[in-house]
Amino acid sequence: MLKPLGDRVLVEIVEEAEQKTAGGLYVPDTAKEKSQRGKVVAVGSGKTLDNGTKVAMEVKVGDTVYFAKYGGTEVSLEGKNYSLLSERDLLAIVE
1 MLKPLGDRVL
11 VEIVEEAEQK
21 TAGGLYVPDT
31 AKEKSQRGKV
41 VAVGSGKTLD
51 NGTKVAMEVK
61 VGDTVYFAKY
71 GGTEVSLEGK
81 NYSLLSERDL
91 LAIVE
């Protein structure tokens, strides 16, 4: 498993359920946009400010989050898709 550095977060991408059009056709995976929702599986130690103090991360392992559409770097490990994101690319925590 990867251990993110600094203010980065490793998110397992949650695939959306199979989509069906009003006419009854199924939308293939190749025509879908990538999901912007995922589960946090690892977090870094936090951002270090110029004065040397650490800012704690707002998310924790197990949180379900929404993230920026074009943010992060996609990574594939052990057959699962992940996104390695900076904390600023996270938009919301699902409660």
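Residue numbering for the sequence shown is 1 to 95, as defined by our numbering. Each residue gets a CB set at the ideal place from its N, CA and C atoms; glycine is no exception. In this text, all values refer to a predicted model and were calculated from it rather than measured experimentally.
Cβ shell of residue i (< 6 Å), same chain only, five flanking positions each side left out
| i | result |
| --- | --- |
| Glu-74 | Ser-83 |
| Val-55 | Gly-46 and Lys-47 |
Same chain, Cβ closer than 7 Å to residue i, neighbours up to 5 away in sequence not counted
| i | result |
| --- | --- |
| Ala-92 | Val-65 and Tyr-66 |
| Lys-3 | Ala-42 |
Burial state of residue i (16 or more Cβ within 10 Å)
| i | result |
| --- | --- |
| Met-57 | buried |
| Leu-77 | exposed |
| Val-40 | buried |
| Leu-5 | exposed |
Under the three-state DSSP convention, the category residue i falls into
| i | result |
| --- | --- |
| Glu-95 | coil |
| Glu-78 | coil |
| Glu-87 | helix |
| Ala-42 | strand |
| Lys-54 | strand |
| Leu-10 | strand |
| Tyr-70 | coil |
| Val-65 | strand |
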